[in-house]
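Numbering (the numbering used here), first residue to last: 1 to 454.
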């Protein structure tokens, strides 16, 4: 049975709009993979980097021409958009293909020959790049290439499978949905406080490689977790449709709450589970990651669990990627101490006209940055026109300022100095003793007044 891809009316209208702008338009496909051979398109986003280049003048009287055929499409521009959009997608969706709109009567074999090389080059760029979001996600069994003819107003799709000989295309059915998909929202607050050892004994440590190892260690830990939804253990095989039917007493606008229980890292029953090793440094990741994903009735509760795990890892990887992009040199001294505040996650609706469980994408902004950064990124990467009122920025809070104070840094550098937690404990004990002393003074004053002023 050939693979299939489903598009909504909104997707068809978007393809028609892109085909009317220029002769050749292209962009990325964001979808949900229902099974290895079935895809549900969630959003199409044309590549806007070419639009910026068109504004540059070749001379005073003529503009630079955009691509006129698939061979002229910038694979680097597509790969950059692919990576940026991957960081903004919730864990239930992924960038899984490329679309083009062509002003041709027939989409012939010549188009697919050029498209196969395009997909092959993009796949290699994504594998070779130091992309943290790609470090934990499983390789897709197939990707989507979709061509839309502006003349016949028909779409043709192919399933791309990657190999070292140039890749291959397989038949793929493309059909359109009459009804909109009913989405169910699941959210989870994941508290992260882990320490990862650094065993590299070189004088200069590649911090990006250490972050990669930390993400992979988190992936292994999350893969063995147990998850409860609404305080009930999950049966991975149960369909979401059956789960929703069992929870009909809840409001349709309420989100389902998920809770993650991680496995114990050390079991007393196994005498070989504890190892003592020397290390040359540590990476500590501390904070709360707010996760939110969207599923449809064809998903299972096992999919919900996997999507939330992906979302947590993707959100952490996106923040680390932003941090590493700002490094002038990825190598640091093995005795250096760094305390950094990562950006926080903000959400915005994919479609402004949807009122019930609207799909949301996310962006990351640093302390002091205005939400206009998210507005600009949504336009540049996802071709979305959103307003500031559409951004939800209060789901993740800012860390306490004392975490980044000089006291914290000195306590990390000097192992004999008390940590912030110990200081807080002693402060609480002092306040407790002070309250007892004050109470005794009040008692003595009342006794003195009672005897001397009867």
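All residues carry an ideal CB built from backbone N, CA and C; glycine is no exception.
Nothing here was measured: the structure is a model prediction, and the numbers come from that model.
At the level of alpha carbons, what is the spacing between residue i and residue j?
i, j, result
"residue 197", "residue 95", "33 Å"
"residue 331", "residue 337", "13 Å"
"residue 335", "residue 205", "10 Å"
"residue 483", "residue 310", "Given that the chain is displayed from residue 1 to residue 454, the structure contains no residue 483 and the question cannot be resolved."
"residue 3", "residue 145", "12 Å"
"residue 378", "residue 278", "45 Å"
"residue 233", "residue 92", "20 Å"
"residue 246", "residue 240", "10 Å"
"residue 259", "residue 106", "51 Å"
"residue 72", "residue 251", "51 Å"
"residue 101", "residue 366", "37 Å"
"residue 26", "residue 20", "12 Å"
"residue 280", "residue 397", "32 Å"
"residue 275", "residue 341", "32 Å"
"residue 363", "residue 201", "36 Å"
Classify residue i as buried or exposed, calling it buried when 16 or more other Cβ atoms lie within 10 Å of its own Cβ.
i, result
"residue 142", "buried"
"residue 175", "exposed"
"residue 345", "buried"
"residue 110", "exposed"
"residue 359", "buried"
"residue 7", "buried"
"residue 435", "exposed"
"residue 82", "buried"
"residue 163", "exposed"
"residue 326", "exposed"
"residue 438", "exposed"
"residue 190", "buried"
"residue 351", "exposed"
Taking DSSP's pairing of strands, which residues face residue i in a bridge?
i, result
"residue 253", "Per DSSP, none; premise fails for residue 253."
"residue 26", "100"
"residue 6", "40 and 175"
"residue 346", "363"
"residue 294", "185"
"residue 144", "97 and 159"
"residue 282", "197"
"residue 31", "41 and 94"
"residue 258", "229"
"residue 149", "102 and 154"
"residue 204", "333"
"residue 288", "191"
"residue 391", "348"
With residue i as the anchor, note down where its beta strand (DSSP E) starts and where it stops.
i, result
"residue 333", "331 to 333"
"residue 40", "38 to 46"
"residue 227", "226 to 229"
Assuming residue i is part of the alpha helix (DSSP H), what are its boundary residues?
i, result
"residue 189", "Element bounds for residue 189: not the alpha helix (DSSP H) but the beta strand (DSSP E), 184 to 198."
"residue 316", "301 to 325"
"residue 373", "372 to 382"
"residue 165", "Unbroken run through residue 165: none, as it is neither H nor E."
"residue 216", "207 to 223"
"residue 86", "75 to 88"
"residue 110", "109 to 128"
"residue 240", "240 to 245"
Measure the CB-CB distance between residue i and residue j and report whether it falls below 7 Å.
i, j, result
"residue 225", "residue 262", "yes"
"residue 46", "residue 89", "no"
"residue 313", "residue 236", "no"
"residue 79", "residue 29", "no"
"residue 390", "residue 347", "no"
"residue 187", "residue 231", "no"
"residue 38", "residue 104", "no"
"residue 375", "residue 386", "yes"
"residue 192", "residue 40", "no"
"residue 210", "residue 283", "yes"
"residue 168", "residue 161", "yes"
"residue 320", "residue 199", "no"
"residue 99", "residue 44", "yes"
"residue 183", "residue 297", "no"
"residue 177", "residue 159", "no"
Would the beta-carbon of residue i be found less than 6 Å away from any heavy atom of the ligand COA?
i, result
"residue 200", "Of ligands this structure carries none, so the ligand COA is not represented either."
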